[in-house]
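My numbering numbers the first residue of the sequence shown as 2 and each following residue consecutively.
The beta-carbon is built from N, C-alpha and C at its ideal position, and this holds for glycine as well.
Just so it is clear, the structure is predicted and the values come from calculations on it, not from any experiment.
Worksheet: one structure, shown below.
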Amino acid sequence: QTIDQIDLYGKHVVWSRDPGVAEPGERSLWRELADDTMAHARTGPVQLNLAFREPLMGVSGALPDAVDRPLLAPPSRRPDAVPPDLDRARGVILVGGRSGVDPVDVAALHHATGWPIIADPMSAMRQLPGAVATADSLLRHDGFADAHLPDVIVRIGRPAASKVLAQWTARATAAGAQLIQVGGPGVIDPDHNVAAICSIAALLGLSGGSDRSWAESWAGADRVADAAIVDALAEFDELTEPGVARTVADHLADGVDLVVSSSMPVRDLEWFGGSRARAFANRGANGIDGVVSTALGRALTGTPTCVLIGDLAFVHDSNALIGLSARAVDLRVVVVDNDGGGIFSFLPQAAELQADRFELLFGTPLGVDVVALATSYGLESRTVQSVDELVEQLAMPGPWVCCVPTDRRHNVDVHAALHRAVAGSLDAHDERSDQG
Ligand SMILES: Cc1ncc(C[n+]2csc(CCOP(=O)(O)OP(=O)(O)O)c2C)c(N)n1
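Okay, structure coming up:
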């Protein structure tokens with residue numbers, strides 16, 4: 002091997018060993034090593050770098066009898082004490098992915114405090130009573146955002162993708178709100194504004210305030226915003242990117258898992274996906290790496306899986322489709338083909354740079370025929386151009402690939418129209434409330 006394999010995964014593994022080439026005289030140590038590896042693997046990814054002696058041929062002997070050993074407990078940080086003064090009426094619960102927290106406990110916290118649950122689809126908790134699905138849209142409305150600044154924020158799991166939500170959270174903590182972090186992988190404090198890291202159990206003694214108008218105000222606005230989104234989406238003759246996310250969320254059968262990719266699918270699902278939206282996503286600097294493989298991995302566990310993905314991420318990981326047509330795997334791939342990366346059209350560079358430079362540096366169109374690419378792997382593949390066609394396709398068991406052609410520039414206008422529609426409906430709702 003030409004790369005140094007020792008500590009190859011750095012801090013991304015919880016444990017790694019490089020025991021060197023196995024020698025018959027060290028047999029007694031192997032079981033201990035296997036045991037240690039398994040125990041650590043229960044707490045996260047591990048790297049065991051095993052070297053073999055050439056000619057790499059041999060016959061494996063019988064395994065020794067199994068022995069029961071206690072497993073290592075996952076490394077955990079001792080939770081902080083619950084800060085005083087959290088029993089405030091104006092609280093919000095943010096739930097995101099990988100929280101490790103039982104939805105029953107989140108529902109109990111909402112029930113006890115009356116605090117709305119701002120639920121990212123990654124939490125799979127949008128169907129809890131008190132869940133709000135349209136927070137990004139609501140918080141883009143300055144009047145709503147100002148009037149609903151909280152005193153307490155309990156964040157459970159990872160933060161959502163919405164920058165608007167993150168900025169509003171930071172604004173609230175800068176103004177004195179307490180941010181309590183619960184669960185999630187590692188210590189989650191990207192904005193360095195977490196006041197305490199607590200267990201969910203410790204928070205279940207909270208009672209919030211007795212003012213139910215806070216919860217009702219969020220719930221009412223959420224209903225208004227969601228109706229505005231649904232109506233505004235129906236105004237478009239063509240299938241839009243947010244419309245694809247909403248259709249997938251609304252129509253994917255309950256037993257089918259969803260994986261969403263960056264940049265726009267994860268956002269469109271979070272912002273416009275409604276209360277049925279629930280998904281898995283790879284997040285981080287390498288977010289578009291291996292997304293088809295991630296979905297395939299989920300599908301191979303036996304759960305039918307749909308992946309909603311852009312054309313760049315799809316092409317980037319299209320090798321994952323090799324051999325798929327010959328396997329009984331229910332993988333359903335919906336490619337939103339805007340010929341390049343969608344998020345960059347929302348950047349100021351989209352207006353500042355000359356179109357060809359912007360395309361070269363940011364848009365990065367590939368010009369790949371998605372249907373032809375999928376067909377070349379022997380997969381069933383088609384172009385889908387209406388909500389009805391997409392609904393029909395989503396009901397089919399995989400493996401298949403469908404491609405929804407969209408336009409990056411138009412997508413910016415679609416998002417603006419949706420935000421305008423929500424803002425208009427919230428204003429009208431406020432007026433009605435004032436008069437009532
Ligand atoms: C491996 C990797 N390279 C680059 C990026 C930066 N990046 C984030 S989103 C994105 C564009 C993805 O385009 P596409 O898959 O077509 O989806 P769309 O943006 O159109 O929704 C890029 C290049 C990344 N997250 N991961």
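Pairwise C-alpha distance: V14 and H430:
In a straight line, the C-alpha of H430 is about 50 Å away from that of V14.
For the beta strand (DSSP E) containing I118, list its first residue and its last residue.
I118 to A120
Below 9 Å between beta carbons: does that hold for D88 and E271?
no
The region 361-369 in contact with the region 380-390 per 3-pair CB rule at 8 Å:
no
What is the DSSP secondary structure of G311, counted as helix, strand or coil?
Three-state result, G311: strand.
Would you decide whether T302 is buried or exposed? Buried here means 16 or more other CB atoms lie within 10 Å of its CB.
exposed
Determine the burial state of G425: buried for a count of at least 16 other Cβ atoms within 10 Å of its Cβ, exposed for fewer.
exposed
Check whether the region 317-328 touches the region 287-303, counting contact only when three or more Cβ pairs, one atom from each stretch, lie closer than 8 Å.
Touching, per the Cβ criterion.
Identify which residue in R32, K12 and G11 has its Cα closest to the Cα of P20.
R32
Here's a check: name, in chain order, each residue in its chain whose Cβ is nearer than 8 Å to the Cβ of L34, leaving out the five neighbours to either side.
R18, P20 and L49
I'd like the list of long-range same chain contacts for L9, defined as Cβ closer than 7 Å, with 5 residues on each side in sequence excluded.
Q48
Residue of L362, I157 and A286 minimising C-alpha distance to S100:
I157
Here's the rule I'm using: 16 or more other beta-carbon atoms within 10 Å means buried, otherwise exposed. How should N283 be labelled?
buried
Euclidean distance between Cα positions of A222 and V93:
14 Å
For R156, name the three-state secondary structure that DSSP assigns.
strand
For L180, which of helix, strand or coil comes out of DSSP?
strand
Following a CB-centred definition, is A222 positioned closer than 8 Å to any heavy atom of ligand 1?
no
Considering just the uninterrupted stretch of the alpha helix (DSSP H) at D258, what are its terminal residues?
Here D258 belongs to no alpha helix (DSSP H); instead the beta strand (DSSP E) covers D258 to V261.
Rounded to the nearest angstrom, what separates V413 and D86 at their Cα positions?
43 Å
Would a C-beta distance cut-off of 9 Å place R141 and V423 closer than the cut-off?
Contact annotation: R141 and V423 have beta-carbon atoms nearer than 9 Å.
Alpha carbon to alpha carbon, what distance is there between A63 and V245?
53 Å
Limits of the beta strand (DSSP E) - the one that L150 falls within
L150 -> no beta strand (DSSP E), and no H or E assigned at all.
Would you report the Cα separation of S326 and L139, rounded to the nearest angstrom?
Those two C-alpha atoms are separated by around 43 Å.
For F345, which of helix, strand or coil comes out of DSSP?
Looking at F345 - three-state DSSP - the assignment turns out to be helix.
Alpha-carbon to alpha-carbon, W169 and A375:
42 Å
My understanding is that G342 touches S264, with C-beta atoms under 8 Å, so please give their C-beta distance in whole angstroms.
6 Å
Buried or exposed (CB count within 10 angstroms, at least 16 for buried), M123
buried
Alpha helix (DSSP H) containing Q436: first to last residue?
If you look at Q436, you'll find it in the alpha helix (DSSP H) that goes R409 to Q436.
Opening and closing residue of the alpha helix (DSSP H) in which P186 lies
That residue, P186, is in no alpha helix (DSSP H); it is neither H nor E in DSSP.
Could you check if F145 is buried or exposed, using at least 16 other CB atoms within 10 Å of its CB as the buried criterion?
buried
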